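*Asks:*
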Amino acid sequence: MASVRDVLIIGGGVIGLTSAYFLAKRGLRVTVVEAGEFGQESSWAGAGIISPGHPRRARSPLGRLRALSASMFAELSAELREQTGLDNGYWPCGGLELRRSHDALERARIETILREEQGEGATCELLEGEQLRHKEPALAETLPGAIYFPEMAQIRNPWHIRALIAACNQLHVELRAYSPVSDLVTDKHCITAAWTPQERLIADKYVICAGAWADRLLQNLGLSLGIRPMRGQIALLRTSKLILHHIIMGGEEYLVPRRDGHILIGSTVEDVGFDKRTTARAIAHLLETAIQWVPALREAELVRAWAGLRPGSPDSRPFIGRVPGYDNLYIAAGHFRSGITLSPGTALLVSELILGLVPSVPLEPFRIERLAT
Ligand SMILES: Cc1cc2nc3c(=O)[nH]c(=O)nc-3n(C[C@H](O)[C@H](O)[C@H](O)COP(=O)(O)OP(=O)(O)OC[C@H]3O[C@@H](n4cnc5c(N)ncnc54)[C@H](O)[C@@H]3O)c2cc1C
46 MASVRDVLII GGGVIGLTSA YFLAKRGLRV TVVEAGEFGQ ESSWAGAGII SPGHPRRARS
106 PLGRLRALSA SMFAELSAEL REQTGLDNGY WPCGGLELRR SHDALERARI ETILREEQGE
166 GATCELLEGE QLRHKEPALA ETLPGAIYFP EMAQIRNPWH IRALIAACNQ LHVELRAYSP
226 VSDLVTDKHC ITAAWTPQER LIADKYVICA GAWADRLLQN LGLSLGIRPM RGQIALLRTS
286 KLILHHIIMG GEEYLVPRRD GHILIGSTVE DVGFDKRTTA RAIAHLLETA IQWVPALREA
346 ELVRAWAGLR PGSPDSRPFI GRVPGYDNLY IAAGHFRSGI TLSPGTALLV SELILGLVPS
406 VPLEPFRIER LAT
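Following the numbering used here, the numbering of the sequence shown begins with 46 at its first residue and continues without gaps.
#1: With DSSP collapsed to three states, give me the class of Gly190.
#2: Give me the residue from Trp89, Ser116 and Ala92 with the minimum Cα distance to Pro100.
#3: Name, in chain order, the residues that DSSP records as bridge partners for His307.
#4: Is it the case that the CB of Gln85 approaches a heavy atom of ligand 1 more closely than 7 Å?
#5: Compute the Euclidean distance between the alpha carbons of Lys321 and Pro356, then round it to the nearest angstrom.
#6: Rank Glu142, Ala103, Leu209 and Pro106 by C-alpha distance to the C-alpha of Ala123 and give the top, closest one.
#7: Note down, in chain order, each residue of its chain lying with its Cβ closer than 7 Å to the Cβ of Ile413, except the 5 sequence neighbours on either side.
#8: Fully enclosed by the region 81 to 148, which alpha helix (DSSP H) runs are 4 residues long or longer?
#9: Ligand 1 and Trp258: does the residue's C-beta get closer than 7 Å to at least one heavy atom of that ligand?
#10: Quick one: using the 10 Å Cβ neighbour count with 16 as the cut-off for buried, is Arg145 buried or exposed?
#11: Got a sec, what are the start and stop residues for the beta strand (DSSP E) Glu170 sits in?
#12: For the region 211 to 221 against the region 123 to 132, do three or more pairs of beta-carbon atoms, one drawn from each stretch, fall closer than 8 Å, so that the two count as touching?
#13: Are Val226 and Trp240 closer than 8 Å when you measure CB to CB?
#14: Is it buried or exposed, Glu170, if we count other Cβ atoms within 10 angstroms and call 16 or more buried?
#15: Among residues of its own chain, excluding the 5 on either side of Pro242, which ones have a beta-carbon nearer than 8 Å to its beta-carbon?
#16: Looking at the secondary structure, which residues open and close the beta strand (DSSP E) in which Thr76 lies?
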């Protein structure tokens, strides 16, 4: 008996929704099941930084995927706006990786990043003190310099999710919220159904896009990839006038200015399990860092703070590919700190996998077999 749907996607974050959109555009009948509400986990919590690359010059596997993906964002954003009337906040504002002190170690850190990024073909240049303050006058005078990335961009995550949901609806993707998949039914080398508390869902092909929860589903099949939640905390400020015009980064921390005066301050990387609480220590550290870099933020309004669970993978590379031992089960999960950046490229690869097409970047480095136990 033919299935009513070609593909069942499990998990409705940015990876699942973008994959569904790309598959539906190719004419496939797609259902996405989401444990809670669509896009309310890591994909909502993230800062929306899109790190640039150079599709032809990138040399590492992740660099190639990043470059492909980042290069798709302008067009995807325009397409979503045209189809749904919804703006995802795409803004190629550029970014600055700060040299935070005159310390020799800090100079070495910046030189390493510059070398690595230039090696990946990313457009970037070193700015010294005065050049830096010319670009971003609100930065503290004590900051000695920065690497400037003119092609760095941002989206506003909740807006992007909203646009993706609307675009999926227009293409008749079936979106089922509050439908956690508890089990996958197997028959030899095939998945024959997925169980939610409400029903048994049947499809020709199944794709696990369950973010930090992906290993829980795989464990039922006797597999473990080591995907685990990595908490990231964020604070949100508001200023009455625009103080910053670029994304400001310095190691793990960053500031992302929005065009309406909001400024995100991120983030921590914490291995604390499925715990989305914010802590006084982490938020105090983020606020102190922000004020140190941009003294004028001392008077900014503190709007709120939150945390999200990034899907960490053991080698910081996502898993994209067919699940070994099963002919019709695929995974796209474990995007750690760059799942927003990597989402269009991942969705393209998922659609190519499902349709049996040649992948746009080599899939070998993202295969499950590299780490599965
Ligand atoms: C603080 C923070 C800052 C970040 N900043 C950036 C950034 O600037 N740039 C960037 O590129 N990335 C950033 N990231 C990372 C990025 O947000 C993630 O890599 C990305 O959102 C992962 O998307 P996902 O769809 O795989 O996961 P999620 O968004 O977590 O989606 C997975 C979904 O699967 C659902 N699910 C789980 N189990 C089941 C089940 N059994 N059945 C059905 N549904 C299920 C969950 O409910 C969830 O909605 C940041 C993350 C955080 C937390």
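Even glycine gets a Cβ: it sits at the ideal position worked out from N, Cα and C. Every value quoted in this text rests on a predicted model; they were computed, and no experiment measured them.
*Replies:* The short version:
#1: It is a strand residue.
#2: It is Ser116 whose Cα lies nearest to the Cα of Pro100.
#3: His307 is bridged to Arg283.
#4: Flag set: Cβ of Gln85 near ligand 1.
#5: Rounded to whole angstroms, Lys321 to Pro356 spans 13 Å at the Cα level.
#6: For the residues Glu142, Ala103, Leu209 and Pro106, the minimum Cα distance to Ala123 belongs to Leu209.
#7: Excluding sequence neighbours, Ile413 sits near Leu270, Phe364, Gly366, Val368, Pro369 and Ile376.
#8: The qualifying runs are 87 to 90 and 106 to 129.
#9: Trp258: yes, Cβ under 7 Å from ligand 1.
#10: Arg145 comes out buried.
#11: Residue range Glu170 to Glu173 is occupied by the beta strand (DSSP E) that includes Glu170.
#12: With the rule of 3 Cβ pairs closer than 8 Å, the region 211 to 221 counts as touching the region 123 to 132.
#13: Going by C-beta atoms, Val226 is nearer than 8 Å to Trp240.
#14: Exposed is the call here.
#15: So the qualifying residues of the chain are Ser224, Pro225 and Ser227.
#16: Where Thr76 is concerned, the enclosing beta strand (DSSP E) stretches over Val75 to Val78.
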